[in-house]
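Colleague: Numbered by the numbering used here, the letters in the sequence shown go through residues 56 to 340 in order.
Built from N, CA and C at the ideal position, the CB exists for glycine as well.
To start, I am sharing the structure in question, which I have written as structure tokens.
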Amino acid sequence: MLQQILDDWPHWQLCSEAPTLDNISPLPGGLTNHCYLLRLPEGDYVLRVEGRNSRALDINRAAELQVHHLVAAQGLTPTIRFRSPSGHYWIRDYVPGTPLTNPQLDLPLLLIMAQQLQQLHQLYPPAGIPTLSISEKAGHYWDTITAHFAVMDRMTAAAEELLALRGPLQSLLSGAPDNQRCLCHMDPTAPNWIQTAENKLVLLDWEYAAIGHPLWDLAALLQGVDLSADDEQTLLQAYGLKHYRGWEFAKTQMSYLAALWYRAQGLWSDRELIAYLNGLKALAE
């Protein structure tokens, strides 16, 4: 497959001679797509090959491309230089730097990240970008999980216990904190940020971008981060929020989506998900 992609090089208009497999090397990270460093005499790029589970994860690739072009024009993410006509790969500028991890996310760094999200939220979204419904997105993940049980052709006690949580949680966690809507990244977790040698922060991976509620982005940003309640308030104030009604609800909603995503990807067991969802259910009731 990689050789077939490299054979497309005349269409890229990025290099004057054919690259070889020696010009590419895998990049770490990424649970959905496969990324490679593409080193050409003319410069370094990232070759991203889309995962085959886009439909299972309810990823709208056309919307992702639109959003990526918009935010790249604002300097918030690297520019895409080529996208294959079939859409299964693209090439973007390479940003040298280090992906962040949750232990690095102290309050000063989080304040900068929140300010960049605020820039995003102020952009006028392109036409055709879908509006996120928590219940619909969660329902898609539930359907993927249920389909897995159907393939196994059996229902374990854990599977039955898990699926019994679907109705109550879909009811408890539907809707939004209020009527605010804006363009959101929807997955601004630590690994999707690159910190450059100049301490610039670059946000990557826009495949879940949608019209959503700004608190959802802030809640996703803090997933897995040990931050005190006072520091959370400081973060929200720096973002520009004066009222925090709906904040706990938004955090629970994003934890709900993340947990279902992990199970849909096969990264959690049924028992792990049951325990986590029961905790969320107790918070939401």
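Roughly how many angstroms separate the alpha carbons of residue 150 and residue 252, rounded to a whole number?
Modeller: The sequence position of residue 150 within the sequence shown is 95, counting from 1. The sequence position of residue 252 within the sequence shown is 197, counting from 1. When rounded, the distance between both Cα atoms is 10 Å.
Colleague: What separation, rounded to the nearest whole angstrom, lies between the Cα atoms of residue 171 and residue 320?
Modeller: Numbered from 1 along the sequence shown, position 116 holds the residue referred to as residue 171. Numbered from 1 along the sequence shown, position 265 holds the residue referred to as residue 320. Distance between the alpha carbons of residue 171 and residue 320 is about 29 Å.
Colleague: What's the gap between the Cα of residue 110 and the Cα of residue 310?
Modeller: Locating residue 110 in the sequence shown gives position 55, where the first residue counts as 1. Locating residue 310 in the sequence shown gives position 255, where the first residue counts as 1. Going from the Cα of residue 110 to the Cα of residue 310 covers about 21 Å.
Colleague: Would DSSP call residue 238 helix, strand or coil?
Modeller: To locate residue 238, count along the sequence shown from 1; it is residue 183. Of the three classes helix, strand and coil, the one that applies to residue 238 here is strand, per DSSP.
Colleague: Which of helix, strand or coil does DSSP assign to residue 104?
Modeller: By 1-based counting over the sequence shown, the position of residue 104 is 49. Three-state DSSP puts residue 104 in a strand.
Colleague: Relative to the C-alpha of residue 161, which candidate in 289, 191 and 70 has its C-alpha closest?
Modeller: By one-based count along the sequence shown, residue 161 stands at place 106. Ranking 289, 191 and 70 by Cα distance to residue 161 puts 289 first.
Colleague: With 16 other CB atoms within 10 Å as the buried threshold, where does residue 129 fall?
Modeller: The residue labelled residue 129 in the question sits at position 74 within the sequence shown. Counting Cβ neighbours within 10 Å, residue 129 comes out exposed, since fewer than 16 surround it.
Colleague: Look up residue 144 in the DSSP assignment and give the residues it is bridged to.
Modeller: Working through the sequence shown from its first residue, we reach residue 144 at position 89. Residue pairing of residue 144 in beta bridges, as defined by DSSP: 104.
Colleague: Starting from residue 135, follow its DSSP beta bridges and name the residues at the other end.
Modeller: Here residue 135 refers to the residue found at position 80 of the sequence shown. Note: residue 135 sits in a beta bridge opposite 147.
Colleague: Taking only the alpha-carbon atoms, compute the straight-line gap between residue 96 and residue 70 and give it to the nearest angstrom.
Modeller: If you number the sequence shown from 1, residue 96 lands on position 41. If you number the sequence shown from 1, residue 70 lands on position 15. Going from the Cα of residue 96 to the Cα of residue 70 covers about 7 Å.
Colleague: Have a look at 265, 325 and 295 and flag the residue whose alpha-carbon is nearest the alpha-carbon of residue 352.
Modeller: No statement about residue 352 is possible, as the shown extent of the chain runs from 56 to 340 and does not include it.
Colleague: Is it true that the region 257-274 meets the region 301-316, where meeting means three or more beta-carbon pairs spaced less than 8 Å apart?
Modeller: yes
Colleague: Per DSSP, what are the beta-bridge partners of residue 186 in this structure?
Modeller: On the sequence shown, position 131 is the one that residue 186 refers to. Partner(s): 266.
Colleague: Just to confirm, are residue 241 and residue 187 a CB contact at a threshold of 8 Å?
Modeller: For the purposes of this step, residue 241 is taken as the residue at position 186 of the sequence shown. For the purposes of this step, residue 187 is taken as the residue at position 132 of the sequence shown. In this structure, residue 187 lies closer than 8 Å to residue 241 by Cβ.
Colleague: Evaluate the contact criterion for the region 194-205 versus the region 234-249: three or more CB pairs, one atom per stretch, below 8 Å.
Modeller: no
Colleague: Around the C-beta of residue 101, are 16 or more other C-beta atoms found within 10 angstroms, so that it is buried, or is it exposed?
Modeller: As a working note, residue 101 is residue 46 in the sequence shown. Buried: at least 16 other Cβ atoms inside 10 Å.
Colleague: For residue 298, which of helix, strand or coil comes out of DSSP?
Modeller: Working through the sequence shown from its first residue, we reach residue 298 at position 243. Coil at residue 298, not helix or strand.
Colleague: So what does DSSP say about residue 312, is it helix, strand or coil?
Modeller: Counting from 1 along the sequence shown, the entry for residue 312 is found at position 257. Three-state result, residue 312: helix.
Colleague: Counting along the chain, where does the beta strand (DSSP E) carrying residue 59 start and finish?
Modeller: Sequence index remark: in the sequence shown, residue 59 carries index 4 (1-based). For residue 59, there is no enclosing beta strand (DSSP E); the residue is found in the alpha helix (DSSP H) stretching over 57-61.
Colleague: What is the DSSP secondary structure of residue 248, reduced to helix, strand or coil?
Modeller: Mapped onto the sequence shown, residue 248 falls at position 193. Residue state for residue 248 is assigned as strand, using DSSP reduced to three classes.
Colleague: Could you check whether residue 114 and residue 185 sit closer than 8 Å to each other, using their CB atoms as the reference points?
Modeller: Position 130 of the sequence shown, counting from 1, holds the residue named residue 185. Position 59 of the sequence shown, counting from 1, holds the residue named residue 114. Not in contact: residue 185 and residue 114 (Cβ atoms no closer than 8 Å).
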